[in-house]
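In the order they appear, the protein sequences are chains A and B.
Be aware that the first sequence starts at 0, since it is given in numbering that gives the first Met the number 0, and climbs by one per residue.
Be aware that the second sequence starts at 0, since it is given in numbering that gives the first Met the number 0, and climbs by one per residue.
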Amino acid sequence: MSSHDEAAGRLGLGALSKRSPGPARPGVVLLARRYFTSRAFGWSIVLLALGAWQIASTLHRMPQLPPLTDIGAVWLDHVQNGDLVAAVLETLRITAIGYAFATVTGVVLGFLMGRVPVVWGGAEPVVEILRQIPITALLPLLILYLGIGDSFKIVIVMLAATFPILLNSYAGARSISKTMAMTAQTFQLNWIQTQIEIGLPAALPYILVGMRQALAVTLVIAVVTGMLAGNSGIGYFILEAQQVLDVKALFAGIFTIAAIGYVLNALFLMVEQRLTRWRSLGSARH
Amino acid sequence: MTSEGVSIRVSAVSKRYRSARGEDVTGLSPVSLSIADGTFVSIVGRSGCGKSTLLRLVAGLEAPSGGGIAVHGSPVSRPPDSVRYLFQNYGESLLPWRTVGGNIQFGLRHAYRRSILTDRAGIGAVIDEKLAEVGLAGTADRYPSELSGGMQQRVAIARALASEPQILLLDEPFSAVDALSRANLQDLLLRIWQSHALTIVFVTHDIDEALYLSDRVLVLQPNGGGLQMDVDVPLPRPRHQIETRRAPAFVEMRSDILKRVLAPN
Numbered sequence: 000m001s002s003h004d005e006a007a008g009r010l011g012l013g014a015l016s017k018r019s020p021g022p023a024r025p026g027v028v029l030l031a032r033r034y035f036t037s038r039a040f041g042w043s044i045v046l047l048a049l050g051a052w053q054i055a056s057t058l059h060r061m062p063q064l065p066p067l068t069d070i071g072a073v074w075l076d077h078v079q080n081g082d083l084v085a086a087v088l089e090t091l092r093i094t095a096i097g098y099a100f101a102t103v104t105g106v107v108l109g110f111l112m113g114r115v116p117v118v119w120g121g122a123e124p125v126v127e128i129l130r131q132i133p134i135t136a137l138l139p140l141l142i143l144y145l146g147i148g149d150s151f152k153i154v155i156v157m158l159a160a161t162f163p164i165l166l167n168s169y170a171g172a173r174s175i176s177k178t179m180a181m182t183a184q185t186f187q188l189n190w191i192q193t194q195i196e197i198g199l200p201a202a203l204p205y206i207l208v209g210m211r212q213a214l215a216v217t218l219v220i221a222v223v224t225g226m227l228a229g230n231s232g233i234g235y236f237i238l239e240a241q242q243v244l245d246v247k248a249l250f251a252g253i254f255t256i257a258a259i260g261y262v263l264n265a266l267f268l269m270v271e272q273r274l275t276r277w278r279s280l281g282s283a284r285h
Numbered sequence: 000m001t002s003e004g005v006s007i008r009v010s011a012v013s014k015r016y017r018s019a020r021g022e023d024v025t026g027l028s029p030v031s032l033s034i035a036d037g038t039f040v041s042i043v044g045r046s047g048c049g050k051s052t053l054l055r056l057v058a059g060l061e062a063p064s065g066g067g068i069a070v071h072g073s074p075v076s077r078p079p080d081s082v083r084y085l086f087q088n089y090g091e092s093l094l095p096w097r098t099v100g101g102n103i104q105f106g107l108r109h110a111y112r113r114s115i116l117t118d119r120a121g122i123g124a125v126i127d128e129k130l131a132e133v134g135l136a137g138t139a140d141r142y143p144s145e146l147s148g149g150m151q152q153r154v155a156i157a158r159a160l161a162s163e164p165q166i167l168l169l170d171e172p173f174s175a176v177d178a179l180s181r182a183n184l185q186d187l188l189l190r191i192w193q194s195h196a197l198t199i200v201f202v203t204h205d206i207d208e209a210l211y212l213s214d215r216v217l218v219l220q221p222n223g224g225g226l227q228m229d230v231d232v233p234l235p236r237p238r239h240q241i242e243t244r245r246a247p248a249f250v251e252m253r254s255d256i257l258k259r260v261l262a263p264n
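So this is what it looks like as structure tokens:
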């Protein structure tokens with residue numbers, strides 16, 4: 000089964016051409032290797048910077064800049080005693096739930112705004128006003144309404160993630176050319192068929208860009224809510240480390256977030272490339 | 000008025016547009032004509048003469064401002080199910096996220112007569128058959144973006160054929176492909192027209208192409224002025240790219256039409 004068919008399957012596009020496998024589709028390992036080899040130069044700079052850090056902090060002991068090896072040891076301690084892992088899982092849980100809600104809301108509303116004039120007319124002012132409000136401005140109000148539990152964190156993450164997904168889904172839904180729309184008409188597709196067979200696949204690359212933008216935002220927001228609510232997650236882990244002046248644990252927390260963010264983004268890029276493989280075939284790979 | 004043997008009947012059809020400045024513009028002055036089953040008709044004329052407009056009206060992709068169109072006797076209010084339309088910008092008409100085979104399957108799924116083929120092997124066989132018919136055997140797993148312009152238009156033709164139309168409307172389908180591919184595509188279209196017993200309406204600005212392909216050439220007046228000439232083309236078939244084009248009758252008809260098209264009015 001080709002990556003394209005998988006994509007279509009997820010969109011509920013029904014049976015597609017599941018014929019003899021064509022030219023070999025890149026596997027996950029190959030994709031991952033390609034991902035890193037194409038970024039080898041950038042990664043060597045990162046490693047160089049880390050090496051400089053390690054040397055500097057070893058030669059000249061500074062409490063505010065501990066050697067990486069010490070940070071690593073502390074990181075391993077916290078992984079082994081389980082509190083860092085628990086904090087990460089908690090943050091990821093909030094991220095995932097908020098992100099899932101945001102994806103459904105953003106894709107459905109954004110897509111329909113792009114395809115149904117009445118939905119656009121009704122929702123455009125509301126969306127345009129709401130998205131101007133910085134999410135931080137809503138924090139006090141939402142704490143008042145929802146307290147500092149799960150629902151507060153999830154709502155904040157969802158609000159932050161919805162708009163990039165919604166706006167990109169809207170743009171994707173608008174991206175269908177007149178020729179494509181007439182093609183649907185001449186093949187007698189009804190409204191639903193047009194959306195499923197043409198609207199959604201055409202919008203998919205845009206939707207994925209929106210989802211990737213939102214992913215970066217959600218992680219940030221999930222960390223912040225943990226700090227703000229001061230009760231759970233990697234944000235709270237970092238806050239706690241700061242309060243007891245444990246700089247090594249602080250860095251361990253920060254590096255953990257950076258690594259998670261990087262891996263999530265990389266995974267997303269690879270998924271995106273597979274789902275929209277048809278886009279890169281005619282042009283040179285970037 | 001009987002519809003026996005008539006594919007398309009156009010009765011005093013006109014089209015007016017409102018321009019961006021709010022002016023009323025004539026897209027097409029009233030035109031009446033009927034096209035017999037199984038004929039190959041071309042519509043030629045200068046840019047802006049309304050030839051593409053007329054085709055979109057027949058296709059049910061636009062609504063006329065006056066008059067009416069009937070396809071096989073039924074009035075057109077939406078795209079008729081026995082009609083398929085091929086666009087000049089085929090690149091925007093093929094589904095780029097589907098393979099060539101997937102595009103043809105799209106045609107099969109939205110066929111005029113609901114296909115009884117549901118098993119995968121049957122569908123695969125039909126896809127291969129349609130691809131072979133347009134000279135693209137073995138490309139089912141490629142994506143449209145991997146193909147040249149002429150090949151993409153072949154896929155569009157195969158996709159239209161897969162939906163088993165009775166009438167094919169083509170809007171300057173070969174104007175964006177190179178001259179050699181165009182000649183091949185013309186002959187391909189003639190073969191398909193004959194083997195599928197289609198009625199074809201073909202819009203082009205190329206008078207040679209119109210004469211080479213058609214049983215009948217309609218010439219439209221400039222600026223949506225309506226029908227100017229209705230020429231029967233009694234050239235023998237099968238047509239031949241070199242023989243037909245240098246036949247005295249061909250040359251004579253071409254200069255007749257050209258004179259009228261170029262004449263200041």
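Yeah, the Cβ is synthetic: ideal placement off N, Cα and C, and Gly gets one too.
Simplified DSSP assignment, three categories, for residue i
i: Arg-17 of chain B; result: strand
i: Ala-180 of chain A; result: helix
i: Ser-43 of chain A; result: helix
i: Arg-273 of chain A; result: helix
i: Ser-64 of chain B; result: coil
i: Tyr-111 of chain B; result: coil
i: Ala-122 of chain A; result: helix
i: Gly-26 of chain B; result: strand
i: Phe-201 of chain B; result: strand
i: Ala-240 of chain A; result: helix
i: Ile-7 of chain B; result: strand
i: Ala-257 of chain A; result: helix
i: Ile-132 of chain A; result: coil
8 Å Cβ shell around residue i - same chain, five flanking residues per side excluded
i: Arg-17 of chain B; result: Asp-23 and Val-24
i: Leu-187 of chain B; result: Val-133, Gly-134, Arg-153 and Ile-156
i: Leu-268 of chain A; result: Tyr-34 and Arg-211
i: Asp-127 of chain B; result: Ala-136 and Ala-139
i: Glu-171 of chain B; result: Ser-51, Gln-87, Val-202, Thr-203 and His-204
Residue environment, residue i, which counts as buried when at least 16 other CB atoms sit within 10 Å
i: Phe-151 of chain A; result: buried
i: Trp-42 of chain A; result: exposed
i: Glu-208 of chain B; result: buried
i: Ile-241 of chain B; result: exposed
i: Tyr-261 of chain A; result: exposed
i: Leu-249 of chain A; result: buried
i: Ala-23 of chain A; result: Bear in mind that the predicted position of Ala-23 of chain A carries a pLDDT of just 49, short of 50, making it unreliable; the figure below should be weighed with that in mind. Per the 10 Å Cβ criterion, exposed.
i: Ile-266 of chain B; result: Residue 266 of chain B falls outside the range modelled here, since chain B spans only 0 to 264, and no answer is possible.
i: Ser-37 of chain A; result: exposed
i: Lys-177 of chain A; result: exposed
i: Pro-263 of chain B; result: exposed
i: Val-243 of chain A; result: exposed
i: Arg-114 of chain A; result: buried
i: Met-61 of chain A; result: exposed
i: Val-125 of chain A; result: exposed
Presumed contact (8 Å Cβ cut-off) between residue i and residue j, rounded CB distance
i: Pro-143 of chain B; j: Val-99 of chain B; result: 7 Å
i: Tyr-84 of chain B; j: Thr-185 of chain A; result: 4 Å
i: Pro-139 of chain A; j: Trp-96 of chain B; result: Not quite, the Cβ-Cβ distance comes to about 45 Å (not below 8 Å), so this is no contact.
i: Leu-107 of chain B; j: Ala-159 of chain B; result: Not really, about 11 Å apart at Cβ, beyond 8 Å.
i: Ile-68 of chain B; j: Val-12 of chain B; result: 6 Å
i: Ala-170 of chain A; j: Ala-101 of chain A; result: That belief does not hold up - the Cβ atoms of Ala-170 of chain A and Ala-101 of chain A are roughly 17 Å apart, past 8 Å.
i: Arg-253 of chain B; j: Asp-231 of chain B; result: About 14 Å separates the two Cβ atoms, so there is no contact after all.
i: Val-200 of chain B; j: Leu-54 of chain B; result: 6 Å
i: Thr-90 of chain A; j: Ile-233 of chain A; result: 4 Å
Contacting residues, own chain, Cβ-Cβ under 7 Å from residue i (five flanking each side not counted)
i: Gln-151 of chain B; result: Tyr-89, Gly-90, Leu-93 and Pro-143
i: Ala-48 of chain A; result: none
i: Val-82 of chain B; result: Ala-58, Val-70, Pro-164, Ile-166 and Leu-168
i: Ser-266 of chain B; result: Outside the displayed range of chain B (0 to 264) lies residue 266 of chain B, so it cannot be described from this structure.
i: Leu-141 of chain A; result: Phe-151, Val-154 and Ile-155
Residues near residue i in its chain [Cβ-Cβ closer than 6 Å; skip 5 each side]
i: Ser-266 of chain B; result: For residue 266 of chain B there is no data in the structure shown, the boundaries of chain B being 0 and 264.
i: Ser-64 of chain B; result: Ser-13, Lys-14 and Arg-15
i: Leu-83 of chain A; result: His-77
- request: Give the residues from the region 150-173 of chain B that approach chain A closer than 8 Å (Cβ to any Cβ), ordered along the chain.
  value: Ser-162
task: Compile a chain-ordered list of the residues in the region 181-210 of chain B whose CB is closer than 7 Å to at least one CB of chain A.
output: none
- prompt: When Cβ atoms are compared, which residues of the region 185-196 of chain A fall closer than 9 Å to chain B?
  reply: Thr-185, Phe-186, Gln-187, Leu-188, Gln-192 and Glu-196
- request: Output, in sequence order along the chain, the residues in the region 51-62 of chain B whose CB is closer than 9 Å to any CB in chain A.
  value: Arg-55, Ala-58, Gly-59 and Leu-60
query: For the region 130-148 of chain B, which residues have a CB atom closer than 7 Å to at least one CB atom of chain A, in sequence order?
result: Ala-139, Asp-140, Tyr-142, Ser-144 and Glu-145
task: Could you run through the region 93-113 of chain A and flag, in chain order, every residue whose CB is less than 9 Å away from some CB of chain B?
output: none
- prompt: If contact means a Cβ-Cβ distance below 7 Å, which residues of the region 164-185 of chain A contact chain B?
  reply: Ser-176, Thr-178, Met-179, Met-181, Thr-182, Gln-184 and Thr-185
message: At a CB distance below 8 Å, what residues from the region 78-101 of chain B approach chain A? Give them in sequence order.
response: Pro-78, Asp-80, Val-82, Arg-83, Tyr-84, Phe-86, Asn-88, Glu-91, Ser-92, Leu-94, Pro-95, Trp-96, Arg-97, Thr-98, Gly-100 and Gly-101
query: Using a beta-carbon distance cut-off of less than 9 Å, what residues from the region 37-57 of chain A approach chain B?
result: none
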